[in-house]
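Novice: Have a look at this one.
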Amino acid sequence: MPIVNREKCEGKAECVAVCPYNVFEMGIVSPQDRAALSFVGRLKGTAHGWKQAFPIHAEACRACAECVASCPEKAITLKRVAVA
Ligand code: SF4
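Okay, so the sequence shown: first residue is 12 according to the numbering used here, each after it adds one.
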């Protein structure tokens, strides 16, 4: 499943465009997640209106890595998860 680094994502939505399985949607970072960021992360988030990508359908991911390659901020990594 894809993991979006909240410190790096700048909401450019390349992952939304390239994912063949519609895993991502754009959304707004929650106040709780904002509070956990570094000073630089909060500056970047504020500059982009806190718009970032969220893997809301992570279960649909097929690990093609198109999103990893497309992200200009290198904000996405893939994490192996056990499937029940
Ligand atoms: S690895 Fe492929 S299927 Fe999974 S979220 Fe990224 S683009 Fe979509």
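Heads up, the beta-carbon is just placed ideally off N, CA and C, and yes, glycines get one too. As the structure is a prediction and not an experimental result, all values here were calculated from the model.
So, using beta-carbon positions, are E21 and H59 closer together than 9 Å?
Specialist: Numbered from 1 along the sequence shown, position 10 holds the residue referred to as residue 21. Numbered from 1 along the sequence shown, position 48 holds the residue referred to as residue 59. Closer than 9 Å, so yes.
Novice: Alpha carbon to alpha carbon, what distance is there between P13 and H68?
Specialist: Along the sequence shown, one-based indexing puts residue 68 at 57. Along the sequence shown, one-based indexing puts residue 13 at 2. Rounded to whole angstroms, H68 to P13 spans 10 Å at the Cα level.
Novice: At which residues does the alpha helix (DSSP H) containing A46 begin and terminate?
Specialist: Within the sequence shown, residue 46 is the residue found at index 35, counting from 1. Residues 42-46.
Novice: Closest by CA to V27, which one among L54, V51, C82?
Specialist: The residue labelled residue 27 in the question sits at position 16 within the sequence shown. Among L54, V51, C82, the Cα nearest to that of V27 belongs to C82.
Novice: In the DSSP assignment, what are the bridge partners of P66?
Specialist: Along the sequence shown, read from residue 1 onward, the residue named residue 66 stands at position 55. Beta-bridge pairing links P66 to no other residue.
Novice: Closer than 7 Å by C-beta to A24: which residues in its own chain qualify, once you throw out the five before and the five after it? Chain order, please.
Specialist: Position 13 of the sequence shown, counted from the first residue, corresponds to residue 24. Answer for A24: M37, A64, listed in chain order.
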